[in-house]
Structures are given as C-alpha cells and as structure tokens.
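As given, the protein sequences belong to chains A and B, one line each in that order.
Its first residue numbered 1, the first sequence is counted upward by one per residue in this note's numbering.
Its first residue numbered 236, the second sequence is counted upward by one per residue in this note's numbering.
In this text, a Cβ means the ideal position worked out from N, Cα and C, and glycines have one as well.
Contents: one structure, followed by commentary.
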Amino acid sequence: MISETTAPTIQECRWCGAGAPADASFCPQCTKILPLPRRRDYFTFLGVPRRLNIDPADLEQRFRDRSRQFHPDYFYNAPLAERRASLERSSYLNDAYRTLKQPIARIAYLLELEGALTPADKAAGAGATKVVPPGLLEEVFALNEELDEVRDLRSGGASKDEWTARLQRARQPIEDKRAEHERRIAEVSRQWDALLGRPAGDAERAGVLQALGELMLERNYITNLLAGIERELSQ
Amino acid sequence: MSRVVGIDLGTTNSLVAYVKDGVPVVIRDQDGDALVPSIVSTAADGAVYTGREAQRRLLTDANRTVYSVKRFMGKDVDDLRGDLRLLPFQVSGESGGVVRIGLGDRELTPPEVSAFILRDLKHRAEQFFAEQGEVDNEVDRAVITVPAYFNDAQRTATRDAGRIAGLEVLRIINEPTAASLAYGLDQRHTGVIAVFDLGGGTFDISILRVEGGVFQVLSTNGDTHLGGDDIDLLILEHVLADLASPRPTFEAPGFTRTSEQIQALRQAIIQAKRDLSDREETLLLGVPVTRAQLEQWIAPIVERTLEPCRLALADANLRASDIDEVVLVGGSTRIPLVRQRVGELFGRTPHSELNPDEVVALGAAVQADILVTGNRDLLLLDVTPLSLGIETIGGIVSKIILRNSTIPATGSEMFTTAVDNQTAVDIHVLQGERELVTDNRSLARFKLRGIPPMPAGMPRVQVQFQIDANGILSVTASELRTEVEQTIEVKPSYGLTDDEVERMLIESFEHAEADVAARLLIEARNEAASVITATEKSLRSPEFPAIAQSDLAPGEQKRIEQALAGLKHVMSSPNRDAILQWTKALNDATQHLAEVMMNRSVRAALTGKNVDGL
Chain A
1 MISETTAPTI QECRWCGAGA PADASFCPQC TKILPLPRRR DYFTFLGVPR
51 RLNIDPADLE QRFRDRSRQF HPDYFYNAPL AERRASLERS SYLNDAYRTL
101 KQPIARIAYL LELEGALTPA DKAAGAGATK VVPPGLLEEV FALNEELDEV
151 RDLRSGGASK DEWTARLQRA RQPIEDKRAE HERRIAEVSR QWDALLGRPA
201 GDAERAGVLQ ALGELMLERN YITNLLAGIE RELSQ
Chain B
236 MSRVVGIDLG TTNSLVAYVK DGVPVVIRDQ DGDALVPSIV STAADGAVYT
286 GREAQRRLLT DANRTVYSVK RFMGKDVDDL RGDLRLLPFQ VSGESGGVVR
336 IGLGDRELTP PEVSAFILRD LKHRAEQFFA EQGEVDNEVD RAVITVPAYF
386 NDAQRTATRD AGRIAGLEVL RIINEPTAAS LAYGLDQRHT GVIAVFDLGG
436 GTFDISILRV EGGVFQVLST NGDTHLGGDD IDLLILEHVL ADLASPRPTF
486 EAPGFTRTSE QIQALRQAII QAKRDLSDRE ETLLLGVPVT RAQLEQWIAP
536 IVERTLEPCR LALADANLRA SDIDEVVLVG GSTRIPLVRQ RVGELFGRTP
586 HSELNPDEVV ALGAAVQADI LVTGNRDLLL LDVTPLSLGI ETIGGIVSKI
636 ILRNSTIPAT GSEMFTTAVD NQTAVDIHVL QGERELVTDN RSLARFKLRG
686 IPPMPAGMPR VQVQFQIDAN GILSVTASEL RTEVEQTIEV KPSYGLTDDE
736 VERMLIESFE HAEADVAARL LIEARNEAAS VITATEKSLR SPEFPAIAQS
786 DLAPGEQKRI EQALAGLKHV MSSPNRDAIL QWTKALNDAT QHLAEVMMNR
836 SVRAALTGKN VDGL
C-alpha cells in the first residue's frame, strides 16, 4: 500500500513569501528557519533513503549536523514564530534519530509509513497479543506445559534450584526461536532494500512488507514470552 | 547591555559565573570566596539573611534558619516523610500541594526561599560588574543548573525561583552536562565521558559522547536524595545515639539537644568529614576519629551511587571499559572512598583538575553565553531523565516519551469519550519508570475540556506532549474529528500557578526593604572582617616589633589593640551603626601604622631587598 499522492515540490516561505524547495529547512531568500512541513517522514528529514540497513555513523553525523542547524539554543533571540519552528524541527529530528537508529524501531516505523501496520496492529504488538501467531503455536504449547509443571513443583515445595533449572531449560527453545527470527528479519530487510534499487511491482513490495509485518508481530510475542519466563524466575 | 550569568543553585552552596573574553570565570567576594552557603534566615524584625551570615545564625537562631532547601523543591509533604528528622525549621503543606517552610512569622515556599539565594548571587554579580566599571551592571538573565535526575516539578520549581528573584531564566541545564561543558572547553577532545556528580543533596551520573563540539548525553541516572547531607545526617544520628547511651564515646558536656546545639554538632561533623579527606585522623568532640572509621560509617551511602552508574551504562549500551574519561563533580567527590569506588567501577582514575565546587557554574556561564551570542562552536544535547506517561485503565502507566530521549522531544496520544456527548476527559500525567501509577511521580492531573458533543467513542482528541530544552513539559490538545482543529484547554494542578509566582515576585519587592537592611549589615560585617584581618596581619608581622619601637608614638599600639578588641566585640551584633563606628575607629587607629609599613615596603623594594616578609 504505497501512497499514490506525490508531495508538492515547492513551499512558500511564510516570512518573505519567496518559493523554497519543499525539503528546504531554511528559506533560500531570507535565510529564516522554515516551519516543519506537514508532509514529512523521518527518512526524508534525515536525508536517507527508505532502507532498513543504515550506516549508523552516517546517520549520527546527519543527526549532529541537523542539530547544529535547528537547535533552540541558536534561536534564543529570534521572534516567537522562528523559535517555534526551531523547537518543532529539533523535536522531530530527535524523534526521527531515536527511531531510525534502532533497527527494530526502524522496521516498525517503515511498516507504519508504508501503511502496512495499522495503529491497531501497533497497539496489539505493544501489549500482550491474545491470538498466538501460527508460526509459534508449537513453542507456546510446549512452554505453557512447562510453566504449569514449574508452578506445580513450586507449590509442591520443590527447591528453587530445581524449578529454576527447569525454567532455564524451557527458555532455550524460545531463545532459539528468537535468534532464528533475528536472522529472518535481517534477511527480509535485505530483500526490501534490494527492491528499492530496482523497479519493482507494488505487489512485490507489498509482499515483502507483509512478511516483515508478520515477523514483527511474532517477535513481539516472543519478547512477551521471554518476559513471562523472567517474571516466573524472579518469583 | 545587561549581563547574563550562569548560576549553580546547590543544596549546600551556590555560586555565580560569567564569560569574560570567551573564558568562564567564577565571581568571588572581596575575600576571594566564590561559595554562597545556600542558607536563608529571618530575624525577628523581618530582615532576611543569606549565605555566610545565615550560616552563622544556624548557631543562634536555628529555628528561623533554612538550609538544603533544594531538597524540598517540587515536592509535597508526602514526598518528604522521613526526611524531616533533626531539621530545625518547620515544614508543612497539603498532599499534592506546595510545601511551606515556617520562618518566624512568615511561611515561604521552597521557590521563594531559593529566590533569596538567587537574589544574593544576582546582587553579588551586579556589585562585581559595577566594580569592573561596567556602565550597565544589571544582571537580569541567567542559566540555572539542576541535577540531571530532577523531575518536571523540580525543574519548574527552580524556574519559578528564578522568576521570583527577578531573573529571566534563559535555560535550565543539567549539572553534569554543564560540568562536561566546562571540562571540554580547552581540550577539543572526542570520546565518551562519564560525569559522576555527588553533591550536597543529590547524585547524578551522566554519560556523554563528545564529538566536534557536540556534547550529546547518551544516558543519565541518579538519585535526587543522595549526597553529603545524607552522610552528615548518618554520622549525626550515630553521634546522637552514642551521646544518649550510658557510656558515650564522645564527650559533650551540657548537651541537651537544642536546635542550636544540634546544628553546632552538625557543623563539627561536617568539619571532621572534610578533615578526613586530607588526613587519616581528626578530632570530633575531643575524640579521635579515623578515616577508616568514617569510611565504615558512610560505605552504604557510597555504594548507593554505583547501581545508578551501572544502569546508565546499560541504557547507553556501553560497558565500563568503553568510557574514555571519568569526571568528578560536587564537593562529596573529595571523599577518598568515593574516588576509589568510582575508579574501581570504571577501571580508570577519575579527573578532578577543575574545582568540583565551581565547575558546574562555569559550564552554566558557557551555556548562557551560547544563548545570548548564538555562538555555534559548542552544542549541548541533553536527555530527559525519566519516562513520561499517562494513566490508563487499571492504574497502569502508558509511556509516551521514554527516559533518555534527547530533548526537545515530543509524544502524542489519542483519547476518546466513554459516554455520549461527553465534553471533558480526565488526564493524569506521570513521570517515572514503574508500571503502576502509584509508584510514579504524579506531575499533573488535568481535564481536557471543550470536546464537541458527539456519540461516545467518536471524538479523536490528540494530546501532544512537548518536553522543551529545559526538560520541562507542556501539554496541548486538539480534537481531530471536527473540521476545525480545536485547541483544548489544559490546566496542570501541581506546583505554583503563574499568578502565584507573580504575587511572590511582588511580595519580594515589599520585603525588599528588610532585605536591603540585612544586606547592608552583612556588607558592614564583611568590611569589618577585612580591616580586622589586615590589622592582625600587621601586628603579627616579624617587622612589627621594630616598627613599634622606632616609628609608633607612645600609646599608639595600645589604641590599635583597643579599637581591634572593640570592633571584634560588636562584629556579631545586629547593630550596623556600631560596627561602622568601630570599623572607622580601627581604620583611624591603624592609618599611621599602615603608612609606616607601606613606606618600609616601598623602601625595601627600591633597595632591592626581599619584601616577602612584610
């Protein structure tokens, strides 16, 4: 689901009325800081393509350069409207950098941006999902059995060492699943980046995004399972 | 052009600095003293004393004297339970309201008390600039520092204090970050720095990456209730318990636990603690105390600083070995045990080239200079220390801006209504890391009003949270469903309102007369003290016996000694006229002696003799 509308290429400087490229941060005519555009995304704002493999050093450098342009420290004496533009741009920059520097947050953001992850999915992913993803049925079933037995052991007065060892063993398959997931997420991410390099059909792109979306939901589920084991361990 | 300054508003001491020709400098008084004790005291006649004078009054009027007020900033009485042990002054207030401190017949909020200290610093700086021959010596703008781990309420209280003191607060910046700015000035270094800041009342650890003049905080952690005060209190309680025991180790004849006696004991303990940073043994109440003994007492407190360090490292995704440099800030880092434990944790010797008491004010001055000049050589990118969230169903906190997010930062959340035609929604904003509402700090409860009447679940109210570069939160809201984007009224319910701050500013002018009287008295005492010091120095000089014999008139030495004794006698009285009279008397009595000594030193200089002894 790729947005069909194209962004306007030109904006009007609200201070002097001159035309400025849509992605300009400062008016080429009067040099004043421009307000944050309504149509915006983190990738464009940091000047990087919509890829999932990003050079962290390059990203950091871009973040620092833009911080030096927009930071409120440098607009202290400016009129209110310019101070506001500086605050908005700095805030957006900080949010953008924080999101794009973390690989997982970057994927979630891309999915949202491409319309492949609805806010409802996001909410479900953040909380505990009720529906077990089909790819995890086997592991979840085995784990729940283990957890029941551990609770029985504990209420039966078994030593902490005993049930702890049991839990650690139960954790292993989930850890393995997570490692496998990390590999698959990296693999599908590379597929996405490769699509950007050549003309690809919408269907192909949508397919990759859907695969990524499913992996992300499973990943959240795995994270919750591991957190559940941690909670049991700390009993 | 009026002047801007950087102010370190500390728990124990405060100080002010400015930038001169690109270099930050601390402003000192005539005696070369930069530190103003953060103590405020009121006299029966309504006069308010600050700094050293207020510190002296702890021993005479303890019940009218407030110290460590920073610990009360942005707190309500519930936050302070268990904190009011052994304090000489009264603290009251309601749950969820601002704390009130009783000072004689006045009740003051912590921002008002802090404002007295800020006004003292403002005045000190103005006097300094006037002496420098500045035409416009007014100081009306300042950067004020706060502990990095201060929450929104504590930051807001600090900003209010500045406003009550008649200062435009250019920026609130974090103490460890300010310190790193002062350290990073000359060496254009690149790398990862850990700033360990253990002050009088608070502890911060900040981890920063410095590159190309950008000081980027990666993570911060701390405890706003951990510092030298806790060490003093611990030892104080130990000594008090000892004195109450059947066979006490310490000796304190006539000790009946009056407020003044407790304060005197506290000061003796502080002195002993300081002594033991340089020596292995000292005396406390006439009994020898060793450094090892002190370390045994304070070890639990020092240990409490280590866990926040580990958490900060974890949040920055770093190991201790990734840290290139460790910088120590705050008076309590003079304690050898602190240095040792920090060194062990990070595996390297910490830096302490700059005075740990002054480095924060220096950094604040640098930041003030950046703001007014627009100088782009340096840039501070700080973080918010605590996560920000809102209460959701079941008393759970839903986080909107995570801790260690670079500021300014934004977050937003969508709300809707539960019943038809509902026009208001309650929102509860919290700060902290815990899951449950009750375990976090409540920042504000407010009502979103003015929602257009619609069926339940239809309105889409977007609430936008903005943390600015001061680390202070503002909230705006708008309803997105209606065509017109509608701004919704947001009214926080904690801390002081703008009107209250305004009123306090006006009240402070009304009390200004008494405050001026207090200041004049202090100035008279300072003047007297410097004349006494100069006279005693002359009388003790190795040259003096010869001078007395050859140059002084019969009875002249006697007159000097009488005037000296007279001035010393009136020095501590509140009678300013008497102090001024005796100061003049001593000045007059020593005028001839001063001339003689000056002539001798000039002669000695001309004949090439060493004048060091004069």
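Quick check: what's the CA-CA separation for residue i versus residue j?
i, j, result
"Phe284/A", "Ile628/B", "Past the boundaries of the shown model lies residue 284/A; chain A is included only from 1 to 235, so the question cannot be answered."
"Glu112/A", "Pro49/A", "16 Å"
"Ala124/A", "Thr651/B", "The pLDDT assigned to Ala124/A is 49, lower than 50, so where the model puts this residue is not dependable; a value taken from the coordinates is nonetheless given after this. Approximately 18 Å between the Cα atoms of the pair."
"Ser633/B", "Ile625/B", "5 Å"
"Glu495/B", "Leu294/B", "5 Å"
"Gly740/B", "Ser330/B", "In the sequence on display, residue 740/B carries Leu and not Gly. Approximately 25 Å between the Cα atoms of the pair."
"Ile442/B", "Gly566/B", "20 Å"
"Val304/B", "Arg183/A", "55 Å"
"Ala599/B", "Ile33/A", "27 Å"
"Arg398/B", "Val736/B", "7 Å"
"Val283/B", "Arg738/B", "19 Å"
"Leu153/A", "Trp163/A", "7 Å"
"Leu353/B", "Gly447/B", "34 Å"
"Ala128/A", "Gly228/A", "With a pLDDT of 45 at Ala128/A, under the threshold of 50, the predicted position of this residue should be treated as unreliable, though the coordinate-derived value follows. Computed Cα separation, rounded: 11 Å."
"His804/B", "Leu815/B", "13 Å"
"Tyr221/A", "Asn456/B", "30 Å"
"Gly801/B", "Arg306/B", "41 Å"
"Arg84/A", "Asp73/A", "12 Å"
"Glu714/B", "Val696/B", "4 Å"
"Leu270/B", "Ile757/B", "15 Å"
"Leu500/B", "Asp465/B", "15 Å"
"Gln666/B", "Gly646/B", "14 Å"
"Asn761/B", "Gln498/B", "23 Å"
"Asp562/B", "Pro585/B", "It should be noted that the sequence gives Val, not Asp, for residue 562/B. Answer to the nearest angstrom: the Cα atoms are 6 Å apart."
"Leu572/B", "Thr380/B", "26 Å"
"Trp15/A", "Asn77/A", "16 Å"
"Gln602/B", "Arg569/B", "26 Å"
Since residue i and residue j should fall inside the 8 Å C-beta cutoff, what is the C-beta to C-beta distance between them, to a whole number of angstroms?
i, j, result
"Arg89/A", "Phe70/A", "4 Å"
"Leu597/B", "Pro382/B", "So it is not a contact: roughly 17 Å between Cβ atoms."
"Leu821/B", "Leu799/B", "6 Å"
"Asp340/B", "Gly328/B", "17 Å between Cβ atoms; not a contact."
"Ile702/B", "Arg394/B", "Not confirmed; about 14 Å, so no contact."
"Ser159/A", "Asn53/A", "Rounded, the Cβ-Cβ distance is 48 Å, inconsistent with contact."
"Val240/B", "Ala377/B", "5 Å"
"Ala414/B", "Val595/B", "5 Å"
Starting from the C-beta of residue i, find all residues in its chain whose C-beta is less than 8 Å away, skip the five residues before and the five after it, and write them out in chain order.
i, result
"Leu519/B", "Val474, Phe485, Ala503, Ile504 and Ala507"
"Leu59/A", "Leu46, Val48, Tyr97, Leu100 and Lys101"
Measure the Cβ-Cβ separation of residue i and residue j and say whether it is below 8 Å.
i, j, result
"Asp371/B", "Ser237/B", "yes"
"Thr852/B", "Asp617/B", "For chain B, the structure presents residues 236 to 849; residue 852/B sits outside this window and is missing."
"Ser273/B", "Asn248/B", "yes"
"Ala644/B", "Asp41/A", "no"
"Ile174/A", "Leu215/A", "no"
"Pro543/B", "Ile440/B", "yes"
"Tyr384/B", "Thr437/B", "yes"
"Phe700/B", "Leu623/B", "yes"
"Arg676/B", "Asn386/B", "yes"
"Glu218/A", "Pro103/A", "no"
"Ala781/B", "Gln792/B", "no"
Whose C-beta lies closer than 6 Å to the C-beta of residue i among residues of the same chain, with five residues either side of it excluded?
i, result
"Leu233/A", "Leu167"
"Val660/B", "Phe650 and Leu683"
"Phe364/B", "Arg238 and Asn372"
"Gln325/B", "Gly337"
"Asp477/B", "Pro483, Thr484 and Phe485"
"Val449/B", "Leu614"
"Glu288/B", "Ile757"
"Val140/A", "Val132"
Is residue i a contact residue of the ligand ATP, with contact defined as CB to any heavy atom under 7 Å?
i, result
"Gly397/B", "The ligand ATP is absent from the structure shown, which contains no ligand whatsoever."
Spatial neighbours of residue i within its chain, please: CB distance less than 7 Å, with the 5 preceding and 5 following residues excluded, ordered by chain position.
i, result
"Gly207/A", "none"
Note to self: Contact between the region 520-527 of chain B and the region 573-587 of chain B is defined here as three or more beta-carbon pairs at a separation below 8 Å; is this criterion met?
What the structure shows: Flag = no, the region 520-527 of chain B and the region 573-587 of chain B do not touch.
If you pair each beta-carbon of the region 463-482 of chain B with each one of the region 530-540 of chain B, do three or more pairs fall below 8 Å? Yes, they touch.
Could you check whether the region 312-322 of chain B touches the region 355-362 of chain B, counting it as contact only if at least three pairs of C-beta atoms, one from each stretch, sit closer than 8 Å? No, because fewer than three Cβ pairs between the region 312-322 of chain B and the region 355-362 of chain B fall closer than 8 Å, the two stretches do not touch.
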